[in-house]
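Protein chains: 2
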Amino acid sequence: MGLRETKMERTRRFIADTAFDLFVAHGYDGTTIEQIAAAAEVGTRTLYRYYASKEALVVSFVENGLNAAMEAFEAQSDETPLSEALYAVIDSVEQTITANQARLLALYEIFDRTTGLRAGLADLDWSWRQKLAQQILRRPEAEGNALFAALVAANTMNVIEVVVHTWAASGGGVKIADITRESLELLRTKPIPVPAPAG
Amino acid sequence: MGLRETKMERTRRFIADTAFDLFVAHGYDGTTIEQIAAAAEVGTRTLYRYYASKEALVVSFVENGLNAAMEAFEAQSDETPLSEALYAVIDSVEQTITANQARLLALYEIFDRTTGLRAGLADLDWSWRQKLAQQILRRPEAEGNALFAALVAANTMNVIEVVVHTWAASGGGVKIADITRESLELLRTKPIPVPAPAG
DNA sequence: CTGCCACTTGGCAGTGACTGTCAAGTGACA
DNA sequence: TGTCACTTGACAGTCACTGCCAAGTGGCAG
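Protein chains in written order, with the UniProt record's numbering: chain L, 1 to 199; chain C, 1 to 199.
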């Protein structure tokens with residue numbers, strides 16, 4: 001990697017970190033792009049070359065964690081049972097969160113304070129359901145059933161979402177590993193009722 | 001209802017309908033708020049008193065359908081089994097879509113063409129998971145377990161989402177009732193694998 | 001080491017979404 | 001019919017975001 005790329009990578013990180021700090025200090029809406037650019041010592045025009053939008057600055061942190069999770073899933077061989085491969089996804093998320101608790105709690109506080117930001121998160125979640133569904137569809141257990149793959153993917157993302165949300169809502173007071181175990185145990189022992197007409 | 005409220009309600013509808021037509025004709029990004037306001041014969045400032053944002057204009061259509069679904073759920077008595085009550089939700093969505101096929105297909109085409117709009121939809125979806133979870137939590141079957149309620153709510157919204165998305169992707173070629181039946185059948189006969197560690 | 005090329009940078013002007021404010025218009029009601 | 005509360009629309013202003021262009025800088029061949 002040349003000097004140029006190194007420098008750009010450093011700039012990229014620095015911008016996001018600077019933005020994060022400002023968001024924590026003054027809130028998302030209370031921070032302008034100009035302020036972030038000034039604090040990161042770049043022009044606003046340059047900032048936009050690194051991040052497509054103000055939202056992207058925040059979402060990038062979550063995105064990194066999901067990238068790791070997706071890689072963990074793809075690393076599983078086809079021989080591994082689907083349930084086990086899916087666990088790798090959950091496990092990866094759990095590890096990411098455990099390793100960055102303070103940071104992520106602050107991040108979720110920003111999300112909570114800023115209703116408009118939820119959309120960005122939800123959008124990320126949506127696109128990841130699509131990606132995960134595609135991956136699952138490739139697995140033998142899916143038997144080529146796209147509907148099944150989509151449902152499994154959605155269900156897995158649900159668990160992650162519910163767990164992370166519960167964790168964040170507890171202010172990090174509850175161990176994420178406990179919530180995860182409880183959720184999975186629940187799914188195993190108390191089956192989710194499937195909507196069905198009377199009779 | 002007085003004349004004033006009637007008039008306002010009419011204006012509200014007219015604005016959304018006008019916006020919808022313009023979006024279909026020129027695309028979401030290709031339509032400015034000023035154009036919508038002009039076509040709806042109101043000032044832009046007035047338009048913003050009816051709809052909080054440009055996005056809200058589009059999302060309102062989906063929101064109406066979800067409102068009906070939530071009411072259908074709340075109308076179920078506590079004696080009704082949860083699976084049956086949840087079916088009422090699915091059924092309501094199915095009916096809404098069946099009754100407005102052409103309109104909704106056009107709507108989803110707008111969503112597809114405009115990546116930035118997905119966020120708004122996803123956000124709506126997210127807030128509805130919360131609301132539905134709260135409702136489910138009140139039911140006896142939930143036994144006060146918030147985690148369970150959240151998982152059930154998420155699962156139900158998944159079904160709706162997957163079904164509607166599949167339907168929209170087929171361009172309305174497949175009957176929504178068929179996709180629904182197939183999805184529910186799938187969930188009943190081929191259980192979703194729960195992530196579990198090896199062993 | 002030097003000069004050239006490709007790429008990065010940042011300023012500037014412009015668009016469009018959105019908001020606060022205020023004066024004018026209009027339904028509701030005594 | 002007059003008064004009051006509410007609705008309306010215009011205007012100015014903020015801010016996210018973009019196209020464009022000139023200046024700066026790393027990479028590389030000579």
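Cβ atoms here follow ideal geometry from the backbone N, Cα and C, with glycine treated the same way.
Because the structure is a prediction, the values reported are computed rather than measured.
Item	Value
Unbroken alpha helix (DSSP H) run spanning residue 7 (chain C), endpoints	3-26
Contact residues within the segment 106-123 of chain L, judged by C-beta distance below 9 Å to chain C	115, 116, 118, 119, 120, 121, 122, 123
The segment 137-148 of chain C touching the segment 135-155 of chain L, judged by at least three CB pairs closer than 8 Å	no
Residues that residue 24 (chain L) contacts on chain C, provided the C-beta gap is smaller than 8 Å	Simply none; closest approach about 23 Å.
Segment contact flag, the segment 149-164 of chain C with the segment 183-192 of chain C, C-beta cutoff 8 Å, min 3 pairs	yes
C-beta neighbour in chain L for residue 125 (chain C), strict 9 Å	yes
Residue 37 (chain L) - containing alpha helix (DSSP H), residue span	33-39
Three-state secondary structure (DSSP) of residue 171 (chain C)	coil
Option nearest residue 152 (chain L) by Cα separation, candidates L:16, L:85, L:19, L:49	L:85
Contiguous beta strand (DSSP E) assignments of at least 3 residues, all confined to the segment 110-193 of chain C	none
Rounded straight-line distance, which links the Cα of residue 171 (chain C) to that of residue 7 (chain C)	36 Å
Enclosing alpha helix (DSSP H) for residue 99 (chain C) [first to last residue]	82-99
Beta-carbon contacts of residue 78 (chain L) that lie in its chain and below 7 Å, excluding the five residues immediately before and after	139, 140
Cβ-based burial, residue 112 (chain C) [other Cβ within 10 Å; buried from 16]	exposed
Beta carbon proximity, residue 91 (chain C) to chain L, threshold 9 Å	yes
Nearest-angstrom beta carbon gap, residue 120 (chain L) and residue 119 (chain C) [assumed within contact, 8 Å]	6 Å
Cβ contact check for the segment 56-63 of chain L and the segment 12-19 of chain L: 3 or more pairs under 8 Å	yes
Proximal residues of chain L, C-beta to C-beta of residue 148 (chain C) below 7 Å	186, 190
Local conformation of residue 65 (chain L) per DSSP, three classes	helix
Local Cβ density within 10 Å of residue 31 (chain L), reported as buried at 16 or more and exposed below that	buried
Minimum Cβ-Cβ distance from residue 86 (chain L) to chain C less than 9 Å	yes
Any non-hydrogen atom of the ligand NAP closer than 8 Å to residue 131 (chain L) Cβ	Absent from the structure shown: the ligand NAP. Ligands present: none.
Chain C within 9 Å of residue 197 (chain L), Cβ atoms only	yes
Assigned exposure category for residue 92 (chain C) - 16 Cβ within 10 Å defines buried	buried
Nearest candidate by alpha-carbon position, reference residue 67 (chain L), set L:173, L:193, L:132	L:132
Chain L contact residues for residue 182 (chain C), given Cβ-Cβ distances below 8 Å	147
9 Å Cβ cutoff met for residue 51 (chain C) and residue 116 (chain C)	no
Spatial neighbours of residue 154 (chain L) in its chain, beta-carbon cut-off 7 Å, leaving aside the 5 residues before and after	129
Sequence-distant residues of its chain with Cβ nearer than 7 Å to residue 106 (chain C) (five each side left out)	24
Closer than 7 Å at the beta carbon, the chain L residues around residue 82 (chain C)	193
Beta-carbon neighbours of residue 64 (chain L), restricted to chain C and to distances below 9 Å	The contacting residues do not exist; residue 64 (chain L) stays about 19 Å from chain C at best.
Coil, strand or helix - residue 79 (chain L) by DSSP	coil
Residue 173 (chain L) to residue 167 (chain L) span [Cα, whole Å]	8 Å
Cutoff 9 Å: residue 158 (chain L) Cβ touching any chain C Cβ	yes
Short CB-CB distance (under 9 Å) between residue 71 (chain L) and chain C	no
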